[in-house]
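In terms of the working numbering, the sequence shown is residues 87 to 578. Ideal Cβ positions, reconstructed from N, Cα and C, are used throughout, including at glycine. So the structure is just underneath, and the comments pick up after that.
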Amino acid sequence: MAKVHFVTLGCPKNRVDAEHMLGLAMADGHQMVDEPTQADTIVVNTCSFIGDAKKESIDAILEMGELKKTGQQKLVVSGCLAQRYADQLTDEMPEVDHFIGTTDYVHIGHLLNPDEENPTISADVSGTDFISFNSLIAKSKEKQDQLITEVDVPKNLVSEDLQYVAKSETPRVNSMPKYTAYLKISEGCNNTCAFCIIPKLRGKQRSRTIDDLVKEAQQLASEGVKELNLIAQDLTGYGYDLPGKPKLAHLLNALSEVEGIKWVRCMYAYPRTLSSELMTQLNTGKNILPYLDIPVQHGSDRMLRRMKRGKDQKRLSDLLIKCRNEVENLVLRSTVIVGFPGEEDDDFQKLVNFAQEVQFERLGVFKYSDEEDTAAFDLDEKVPYKTKRSRYDKLMRRQRRISRNNCKRMLGEVHEAIVEGVSDEHDYLVQGRLWSQAPEIDGVTYLSSNRPLHAGEIVKVKIVDFHDYDVVGEVLEEDDPAAQQSQPFNLR
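Written out as structure tokens, the structure reads:
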């Protein structure tokens, strides 16, 4: 069996794909190693969303390719870059043994066998989801009527028919700290944003059933996960493609009953109409956090139309105000793009004013990246990089002040927090995250305590100091009266 090393780049959705690849590999008996020099096969799971992500992916491939000169490792490239550019990269990167597309990663277990010169795979063409090819072969011996076909594995294993979606029975190894995990509730996207290549790389939306998602949540909880972060290309579009058209609110209601899951957070919610049912779940669900990540992208009507975002600034403002009014303690996160083709000074100022009006607790800013095969690629009035950089800096400076003021207002408040462990900043600091701080993208909370703290422990903390994006919290004991007023759940 092979020793395999994974390099995963890009968004949490890409991370979950890598976790399934790792699960499939280990289900077939392969072994994960931490160092690429120890591996028989190196898998680079790539991102291709914007220019910087493509460069990072290519640099990682080239770095891993250098190891083949001495170690003779097999090199597999998966993910969005492979889906998008496999044909072009085949000649340019001869060091890559296989390119695997975004819905073809289930082939990974079979590719890892170092002893097979010309491997074949067993593909399920009956429409039934599958766990791994070895297990399928075993099942086929038990069920002679199951249709299995043998096909050669080409160098470029990149399907154009983007239909596959993993399910709860698809092996997965959580690569996050054991107390937190991402739960991908759907794959693909039906939106047509002018700047985005993802629908062409991931296909149309394919939602998973509520029962299947609850089953995976239960599995994760049994492994010690306490925090679930729901992800998809379009969270609020969940269920429209399923029989009966279940909604995100119905899923949240089901997940609120999963024993062991203490926090459920919603990420990547497209700004369409948010139902009163969803607001109710965010406001009263016993483990549903009042946190919404709604990428608005801009605050100028003209830019929103050019971006094909479907809402004008007033409707966006009304939507966000409605959320603020209906959900107590709501934390809003968003992302915006500066330098989109045609963006003028007046458009940018409208974006700044919009961000100032809404006062997002968290805001990510992207500089527009020109991507071929998107509608925006053919637009005129490209914005110079120097202008994009200047606008990025100005908006981030404004947001830093907003964030600092938000942190300052928290002084004296009591919040739930999850302990992460020793800080990366200093060996004598313990850090965690408030319920309002999502992993990897938001700030952190530095913790002081009179007792030892354990990773994954959920504690009540009083905010005693603040920085631009981070805060400092004093851990309270459960019998402290102040701990009974912690946000968000004790106030419900």
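Residue i (DSSP reduced to helix, strand or coil)
i	result
residue 440	helix
residue 362	helix
residue 517	strand
residue 551	strand
residue 569	helix
residue 271	coil
residue 491	helix
residue 234	Because residue 234 carries a pLDDT of 31, less than 50, the predicted location of this residue cannot be relied on, and the following value inherits that uncertainty. Note: residue 234 maps to strand in three-state DSSP.
residue 117	strand
residue 283	coil
residue 250	coil
residue 130	strand
residue 503	strand
residue 575	helix
residue 160	strand
residue 151	helix
residue 198	coil
residue 143	helix
residue 294	coil
residue 532	strand
residue 544	strand
residue 100	helix
residue 192	helix
residue 278	coil
residue 256	coil
residue 539	coil
residue 527	coil
residue 497	coil
residue 244	coil
residue 562	strand
residue 182	coil
residue 109	helix
residue 165	strand
residue 93	strand
Classification of residue i by the beta-carbon crowding that lies within 10 angstroms, buried from 16 upward
i	result
residue 294	buried
residue 197	buried
residue 122	buried
residue 576	exposed
residue 573	buried
residue 176	exposed
residue 512	exposed
residue 319	buried
residue 495	exposed
residue 308	exposed
residue 474	buried
residue 94	buried
residue 508	exposed
residue 433	buried
residue 189	buried
For residue j and residue i, believed in contact at Cβ under 8 Å, the rounded distance
i	j	result
residue 334	residue 324	5 Å
residue 161	residue 178	The Cβ separation is near 14 Å, so there is no contact.
residue 547	residue 531	7 Å
residue 481	residue 424	6 Å
residue 290	residue 459	At roughly 16 Å, the Cβ-Cβ gap does not stay under 8 Å, so residue 290 and residue 459 are not in contact.
residue 412	residue 369	7 Å
Under 8 Å between C-beta atoms of residue i and residue j
i	j	result
residue 131	residue 111	no
residue 259	residue 109	yes
residue 280	residue 372	no
residue 147	residue 129	no
residue 125	residue 119	yes
residue 243	residue 336	no
residue 427	residue 382	no
residue 377	residue 522	yes
residue 355	residue 306	no
residue 558	residue 539	no
residue 100	residue 165	yes
residue 580	residue 127	Beyond the ends of the chain as shown, which are 87 and 578, falls residue 580; an answer cannot be given.
residue 379	residue 387	no
residue 446	residue 420	yes
residue 375	residue 410	no
residue 520	residue 503	yes
residue 107	residue 191	yes
residue 292	residue 274	yes
residue 364	residue 303	no
residue 115	residue 150	no
residue 317	residue 269	yes
residue 298	residue 253	yes
residue 312	residue 271	no
Discussion item. List, from N- to C-terminal side, the alpha helix (DSSP H) runs of 4 residues or more that fit wholly inside the segment 350-401.
Written reply: 362-370 and 387-392
Worksheet entry | Sequence ranges, beta strand (DSSP E) only - wholly within the segment 313-352, length at least 3 | Listed in chain order, the complete beta strand (DSSP E) runs (minimum 3 residues) inside the segment 313-352 are 313-317 and 349-352.
Item to complete: Scan the segment 412-471 and note each continuous alpha helix (DSSP H) run of 4 residues or more that stays entirely inside, going in chain order.
Response: 431-444
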